[in-house]
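In this note's numbering, the protein residues as written are 61 to 432. Just so you know, even glycine gets a beta-carbon here, dropped at the ideal spot from N, CA and C. Everything on this sheet refers to the single structure shown next.
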Amino acid sequence: MNTEKRTIMIADDAEINRELLKLIFEDDFNVLEAEDGDQAIEVLDERHDDIRMLFLDLIMPGKTGLEVMEHMRSKKYMNTIPVIMITGEATADTDVKAYEYGASDIIYKPFEARVIKRRTLNIMELFESRLFMERQLEKRTRQLIESQKKLERNNEFLVNALSSVVEFRSLESGEHIRRVKYFTRIFLNYMKRYYLEYEFTKEQIDLIVNASALHDIGKIAIPDSILLKPARLTSSEFEVIKKHTTYGCQILEKFKQEDSEFYRYCYDICRYHHERYDGNGYPEGLKGEDIPIWAQVVSIVDVYDALISKRVYKTPYAVDVAIKMIMDGECGVFSPKLLDCFNMVQDVLCETSDIFSYADSNTHENSIELPM
């Protein structure tokens, strides 16, 4: 291993010990010296980035060797500078203390030059290998984080692109998508606070909110004559509309890049956002907690927004009327927990339902504050 002019430090109050160690290493290393513990700390604070090994006497005037190591631990110098403790007495207590404080090795006076040099080089090689591995790991971690961020940006672009297709089919659908994202975040933040069993994290909430934008993507496969019909649908037409849940999943499959948490949220929300807690929903008639909770959240949000919004086939309900209809089960059965949460967010929904009439919801979506 190339040891050309790396720097070591010798801290010992006995000049003869410093000279002996210097003689062993001066041909291959730059050597710094300290006559006591206080001076050792001064040199370490000034040159710690350069020092690759510290020989440290246990007993010195001023700060002892253990106190010097305590200072190094507080400054995190021990992470990059291995310490070989020098002592004239081999006792179990002092040896254990030295190792507890972080010493890499202990050598005893008088010195055996070849043994000390070999042990020193071995320790330095291990430390430098470990540091190299840690830096490579940090580099790889940064690369993975950047890759994840890039994937998230790509996912967001894809979500926006796909949801925009629905918006072009119907302007009200575009506004509906933005409102669903907004209300979904409100709900999830409340559930994160009050329903700890779901263990929602901020990262999960961000993914679910983005995934909620695709809940109606399957509507691009529904004929305009049915999707935009300004009247009540017939039974056969309603059966066609119901297929938008499965059409949406078929579309997602075509854009699928990998099995990921985000894709699972997209798929579940798209497929199951019309399921109901009592099993009377579609397309599969799932019941209770068999319906993924993120799909349940988007489901109740979707119904709420549909009620308070103007559609080609209906005028909007007042917010308080829409809330009462949902709580009374007029729009299908939702879970007791979800209704309890809906009851808690009523005031927030009432305060924010008009926000889309005068502001772009994207400016608010990530800044929702929950009342204490």
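Identify which residue in the options has its Cα closest to the Cα of residue i.
i	options	result
Asp110	Arg66, Glu127 and Ile176	Arg66
Ser189	Ile141, Leu256 and Leu312	Ile141
Lys370	Arg133, Phe247, Glu235 and Val408	Glu235
Val240	His108, Lys302, Lys169 and Ile268	Ile268
Leu398	Asp362, Ala378 and Val357	Val357
Thr147	Phe187, Met132, Ala71 and Thr201	Ala71
Tyr254	Glu390, Cys401, Asp319 and Asp88	Cys401
Ala366	Trp354, Ala355, Met385 and Ile353	Met385
Glu411	Leu114, Glu390, Glu263 and Val379	Val379
Ala409	Phe247, Phe260 and Lys316	Note on residue identity: the sequence assigns Leu, not Ala, to residue 409. That would be Phe247, whose Cα lies nearest to the Cα of Leu409.
Phe322	Gln203, Gly389, Glu263 and Lys169	Glu263
Asn270	Arg324, Asp319, Glu257 and Glu259	Arg324
Arg135	His108, Lys199 and Ala173	For the sequence presented, residue 135 should be read as Lys rather than Arg. The candidate whose alpha carbon is nearest that of Lys135 is His108.
Leu256	Asp153, Arg202, Ile353 and Gly389	Ile353
Would you say residue i and residue j are within 9 Å of each other, going by their C-beta atoms?
i	j	result
Asp96	Asp73	yes
Arg434	Met184	One cannot answer for residue 434 here, as it falls past the ends of the chain, which runs 61 to 432.
Glu102	Arg78	no
Leu197	Ala163	no
Ile176	Met145	no
Pro343	Thr306	yes
Lys123	Asp98	yes
Ile286	Ile265	no
Met404	Tyr250	yes
Val128	Ser272	no
Lys289	Glu299	no
Gly345	Ser395	no
Glu206	Tyr161	no
Ala100	Leu118	no
Near residue i, what residues of its chain come up, given a Cβ to Cβ distance below 6 Å and the 5 sequence neighbours on each side ignored?
i	result
Asp338	Val393
Ile351	Tyr332 and Glu335
Ile80	Correcting the residue identity first, residue 80 is Leu in this sequence and not Ile. Here the set comprises Phe171.
Glu75	none
His304	Gly278, Lys279 and Ile282
Gly341	His334 and Glu335
Met132	Met138
Ser359	His333
Met120	Asp73, Asp96 and Gly97
Lys199	none
Which whole-angstrom value is the C-beta distance of residue i and residue j, which I expect to be below 8 Å?
i	j	result
Tyr364	Phe243	7 Å
Pro489	Ile368	One cannot answer for residue 489 here, as it falls past the ends of the chain, which runs 61 to 432.
Leaving aside the five residues before and after residue i along the sequence, list all residues of the same chain whose C-beta is less than 8 Å from its C-beta, in chain order.
i	result
Ala291	Tyr373
Lys157	Leu126
Arg179	Ile144, Asp165 and Ile167
Quick one: what's got a C-beta closer than 7 Å to residue i's C-beta in the same chain, skipping five residues either side?
i	result
Met61	In this prediction, Met61 has a pLDDT of 42, which is less than 50 and means its spatial position is unreliable; nothing more can be read from the coordinates.
Val91	Ile68, Ile70, Lys82 and Phe85
Ala355	Asp328, Ile329, Tyr332, His333 and Glu335
Gln406	Ile383
Val381	none
Leu191	Thr140
Tyr258	Met251 and Ile353
Phe260	Leu248, Met251 and Lys252
Regarding residue i and the ligand GDP, is the C-beta to nearest heavy atom distance less than 8 Å?
i	result
Leu398	Of ligands this structure carries none, so the ligand GDP is not represented either.
- Message: List, from N- to C-terminal side, the alpha helix (DSSP H) runs of 4 residues or more that fit wholly inside the segment 323-362.
- Response: Entirely contained in the segment 323-362, not one alpha helix (DSSP H) run reaches 4 residues.
- Just list the alpha helix (DSSP H) runs in the segment 370-415, keeping only unbroken ones of 4 residues or longer that don't cross its boundaries, in chain order. List check, alpha helix (DSSP H) in window: 379-387, 396-404 and 406-412.
- Task: At 4 residues or longer, and completely inside the segment 237-288: list those alpha helix (DSSP H) runs for me, N to C.
- Result: Listed in chain order, the complete alpha helix (DSSP H) runs (minimum 4 residues) inside the segment 237-288 are 262-272 and 284-287.
- What beta strand (DSSP E) runs, 3 residues minimum, are completely inside the segment 114-192? With a minimum length of 3 residues, the continuous beta strand (DSSP E) runs that stay inside the segment 114-192 are 143-147 and 165-168.
- Message: In chain order, what are the residue ranges of uninterrupted alpha helix (DSSP H) at least 4 long that sit wholly in the segment 62-110?
- Response: 75-85 and 97-107, all fully within the segment 62-110.
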